[in-house]
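In my numbering, the protein residues as written are 619 to 731.
Cβ atoms here follow ideal geometry from the backbone N, Cα and C, with glycine treated the same way.
This report concerns only the one structure given below.
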């Protein structure tokens, strides 16, 4: 997921807040976070999901709930994002583990940021 800005907002405390938020959401959701890492303007997550819901539904839930939590914790950001009133960009990239092993993906995510 990418931010709706060019600024490196996810560096430091906000990135850790987003990480903790995603992990909290996963505890009450139909997915688990295998690996998560924050970069300056996007986030990498390795999810384990059930086939009950589409990947897009999980991404939408993560974006919606973290968006709400970010506005609560960082209300001053609303001035920067006043036009679209959204923290995350519209798109996202997703792929299945496929031919790469989960360990390869996990290592790649750990090396981000």
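Using the C-alpha atoms, what's the distance from residue j back to residue i?
i, j, result
"residue 697", "residue 634", "22 Å"
"residue 708", "residue 662", "16 Å"
"residue 730", "residue 636", "15 Å"
"residue 682", "residue 676", "10 Å"
For residue i, is the classification buried or exposed, using 16 other Cβ atoms within 10 angstroms of its Cβ as the cut-off for buried?
i, result
"residue 714", "exposed"
"residue 684", "buried"
"residue 640", "buried"
"residue 649", "buried"
Contact check, residue i vs residue j under 8 Å by CB: the rounded distance?
i, j, result
"residue 680", "residue 643", "6 Å"
Counting along the chain, where does the alpha helix (DSSP H) carrying residue i start and finish?
i, result
"residue 676", "673 to 691"
"residue 640", "631 to 645"
Could you tell me the boundaries of the beta strand (DSSP E) in which residue i lies?
i, result
"residue 653", "649 to 656"
"residue 660", "Where residue 660 is concerned, there is no enclosing beta strand (DSSP E), given that its DSSP letter is neither H nor E."
Does the segment 683 to 691 come within contact of the segment 711 to 726, defined as at least 3 CB pairs closer than 8 Å? no
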